[in-house]
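Just below is one structure, and these are the notes that go with it.
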Amino acid sequence: MFFAFIAISLCLFSCTKPITFTQSELDLIGMDSTAGIMRLFVVDNPTDTLVLKSVSSDLTTEDIKSDYYNTLKKRMMATVLDTANAGVGIAAPQVGINKRVVAVQRLDKEGEPFEFYANIRFVELSKECKWGWEGCLSVPGKRDTVQRSTRVVISFIDEKTFTEKKDTIEGFTAVIFQHEVDHLEGILYTDRAQKQSKLLQ
Numbered sequence: 008m009f010f011a012f013i014a015i016s017l018c019l020f021s022c023t024k025p026i027t028f029t030q031s032e033l034d035l036i037g038m039d040s041t042a043g044i045m046r047l048f049v050v051d052n053p054t055d056t057l058v059l060k061s062v063s064s065d066l067t068t069e070d071i072k073s074d075y076y077n078t079l080k081k082r083m084m085a086t087v088l089d090t091a092n093a094g095v096g097i098a099a100p101q102v103g104i105n106k107r108v109v110a111v112q113r114l115d116k117e118g119e120p121f122e123f124y125a126n127i128r129f130v131e132l133s134k135e136c137k138w139g140w141e142g143c144l145s146v147p148g149k150r151d152t153v154q155r156s157t158r159v160v161i162s163f164i165d166e167k168t169f170t171e172k173k174d175t176i177e178g179f180t181a182v183i184f185q186h187e188v189d190h191l192e193g194i195l196y197t198d199r200a201q202k203q204s205k206l207l208q
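For the sequence shown, counting from 1, position 63 maps to 70 in the working numbering; every step adds exactly one.
Spelled out as structure tokens, the structure:
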């Protein structure tokens, strides 16, 4: 019985997945949730571009439960709300963290709150599309037109229950989601603008 208890205890300990943030990511996040804004990664910097062009990995349950994740969210919020930036969304790669988490201003909801979405993916993209102007905090001083779906269905992990949830978004807020999720795939809006303009030629 004693040995069985030890075996179960060892299994529980060994089966607990550690956080998957890299050491360099942990250094960027820090442990001080009052540290404020993070440095924005921009395409003008070759080292930053390597991060911005990388595909982000999923967050584990332990990642989401960690103090590092809570600190990351607070600092991402401080960054996107900074008057020097004034964005309507931000993705973790834009602050050097290749994890699947974005913050989007829900312009379609009362009060237009910013909300975080972990392990976000598209379940559906409408065939109906529209052209619109876009800019990006990671591509300073530039704007271009991009074609986006007018409606999207997303899946993401609820941070309280750790279950998958879905949501349907339309209009300009759907455009914000597409822009931010692109960051998680290593895609910038300028990539889409260039590709789409070539198709029109």
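Ideal Cβ placement from N, Cα and C applies to all residues, glycine included.
Assign residue i to buried or exposed, taking buried as 16 or more other Cβ atoms, counted over all protein chains shown, within 10 Å of its Cβ.
{"i": "T86", "result": "buried"}
{"i": "Q201", "result": "exposed"}
{"i": "D165", "result": "exposed"}
{"i": "V101", "result": "For clarity, residue 101 is Gln in the given sequence; the question names Val instead. Counting Cβ neighbours within 10 Å, Q101 comes out buried, since at least 16 surround it."}
{"i": "T168", "result": "exposed"}
{"i": "R107", "result": "buried"}
With distance defined between alpha-carbon atoms, name the residue in the options nearest to residue i.
{"i": "K116", "options": "I176, T168 and I104", "result": "I176"}
{"i": "K209", "options": "T152, F184, G148 and A125", "result": "As shown, the chain starts at 8 and ends at 208. That puts residue 209 outside it, with no answer to give."}
{"i": "D39", "options": "K60, D74 and N105", "result": "D74"}
{"i": "R199", "options": "T152, K167 and F169", "result": "T152"}
{"i": "K134", "options": "V160, V146, R150 and P147", "result": "V160"}
{"i": "K81", "options": "N105, A42, D70 and T29", "result": "A42"}
{"i": "D65", "options": "K137, K149, T29 and D174", "result": "T29"}
{"i": "L33", "options": "N105, G178 and T54", "result": "N105"}
For residue i, which residues in the same chain have their Cβ closer than 7 Å to its Cβ, ignoring the five residues on either side in sequence?
{"i": "G37", "result": "T78"}
{"i": "V182", "result": "G139 and R155"}
{"i": "R221", "result": "With the chain running from 8 to 208 in the structure shown, residue 221 is simply not present."}
{"i": "M84", "result": "A110 and F121"}
DSSP three-state label for residue i, please.
{"i": "D89", "result": "coil"}
{"i": "S21", "result": "Low confidence applies here, because S21 scores a pLDDT of 44, under 50, leaving its location unreliable; read the following figure in that light. It is helical."}
{"i": "T180", "result": "helix"}
{"i": "E192", "result": "coil"}
{"i": "R46", "result": "coil"}
{"i": "I15", "result": "Interpretation of I15 is limited by its pLDDT of 49, a score under 50 that renders its predicted location unreliable; no figure is taken from the coordinates."}
{"i": "Q208", "result": "Caution applies to Q208, whose pLDDT of 46 falls short of 50 and renders its modelled position unreliable; the model cannot decide the point."}
{"i": "D70", "result": "helix"}
{"i": "T78", "result": "helix"}
{"i": "T197", "result": "helix"}
{"i": "D51", "result": "coil"}
{"i": "S63", "result": "coil"}
{"i": "Q203", "result": "helix"}
{"i": "D174", "result": "strand"}
{"i": "D39", "result": "coil"}
{"i": "T27", "result": "coil"}
Near residue i, which residues of its chain fall below 6 Å by C-beta distance, leaving aside the five closest residues on each side in sequence?
{"i": "Q203", "result": "Q154"}
{"i": "L94", "result": "The question names Leu, but residue 94 in the sequence shown is Gly. If we look at G94 and ignore the five residues flanking it on each side, its Cβ neighbours are V87 and L144."}
{"i": "L35", "result": "G103"}
{"i": "K137", "result": "T157"}
{"i": "Y76", "result": "D70"}
Short of 8 Å in beta carbon distance, which residues of its chain neighbour residue i, apart from the five on each side in sequence? Order them along the chain.
{"i": "K172", "result": "S162, F163, I164 and D165"}
{"i": "V109", "result": "G96, I97, A98, A99, F123, Y124, I127, F184, E187, V188, H190 and L191"}
{"i": "D89", "result": "I44"}
Taking only beta-carbon atoms, is residue i less than 8 Å away from chain C?
{"i": "G118", "result": "Included in the structure is just one protein chain, with no chain C present."}
Worksheet item: For the region 96-168, which segments carrying the beta strand (DSSP E) assignment without a break, of at least 3 residues, lie completely within its bounds, in sequence order?
Response: Counting whole runs of 3 or more residues, the region 96-168 contains the beta strand (DSSP E) stretches 96-98, 108-112, 121-132, 136-143, 146-156 and 158-164.
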